[in-house]
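For reference, the structure discussed in these notes is given below.
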Amino acid sequence: MNSIFVTDLITALWLGFTGACIGSFLNVVAYRVPLGMSVIWKPSHCPQCSHAIRAYDNVPVLGWLWLRGRCRDCGEPISPRYAIVEFIMGLTFFVLAYVELFNGGANLPGGPITEFVGAVGNVWYPQWKLIAWYGCHCLVLCFLTCWVLINMDADRRKIRHGLLVSLWLAVFFAVPFWKQVAAGLGF
Ligand SMILES: [Zn+2]
């Protein structure tokens, strides 16, 4: 294995882990906001028995897996939805790092943004303009994810739900082709 492959992979995994943590927060937001609860003051707790989730169980995806999808205190099942959302957000940050950051923004309008290839030249020595593009796309997908999750709990909005999921996929798959998409739209 060459060093570029390794540094890119480590960086993408780190970004993916960050994405999974953000996914975990989005779960909390989507669960609490419609109920009018604060998203910051109260620590995560089991919806069945109200026991606080222990810090070592509150690891995205892995926590759910090693608890086998059950609360440590009351044994009631915890919806796999939480772990799935964390996994999807982690994967999103991981994949976008490869298609947008490590190639120096070659797919972005006016790109490439930098002359560097790989994680070291673009992330370890931060190229802020490029990172801002990446951050914006991740942020848009985070907002859409939150919107999808909040709609998922409102049964009457089935059609809108399909539209939102389509919108999420459209944004995700547009990122590697941003240059072509922007040209197609006449920018
Ligand atoms: Zn419980």
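For my numbering, count along the sequence shown from 1 and bump the result up by 24.
Glycine included, every Cβ here is placed at the ideal spot set by N, Cα and C.
Predicted model, so just to flag it, every value in this text is computed and none were measured.
Chain order is used for the residues whose beta-carbon lies nearer than 7 Å to a heavy atom of ligand 1, namely CYS70, GLN72, CYS73, HIS75, CYS95, ASP97, CYS98 and GLU100. When the alpha-carbon of PRO133 is set against those of GLN151, ALA44, VAL189 and LYS203, the nearest one is in LYS203. Apart from sequence neighbours up to five positions away, the residues of its chain that approach LEU191 with a beta-carbon distance below 8 Å are LEU168, ordered along the chain. If you check the CB distance, LEU125 and TYR158 come in under 8 Å. Of all alpha-carbon atoms in ALA121, TYR55, LEU59 and PRO67, the one lying nearest the alpha-carbon of HIS161 is that of ALA121.
Here the segment 145 to 158 does not lie against the segment 100 to 107, with fewer than 3 beta-carbon pairs under 8 Å apart. With contacts defined by Cβ atoms closer than 8 Å, GLY129 and PRO136 form a contacting pair. Distance from the CA atom of GLU139 to the CA atom of ASN146, rounded to whole angstroms, is 9 Å. In this structure, the CA atom of GLY93 is about 16 Å from the CA atom of SER74.
Counting every other CB atom within 10 Å of its CB across the protein chains shown gives SER48 a total of 16 or more, marking it as buried. As for any alpha helix (DSSP H) of minimum length 4 sitting wholly inside the segment 60 to 123, the runs are 86 to 90 and 104 to 120, ordered along the chain. Judged by their CB atoms, ALA198 and MET113 are not nearer to each other than the 8 Å cut-off. Each residue's CA atom was taken as its position, placing ILE64 and THR42 some 18 Å apart.
Taking the Cα of LEU165 as reference, the smallest distance to any Cα among HIS69, LEU115 and LEU37 is reached at LEU115.
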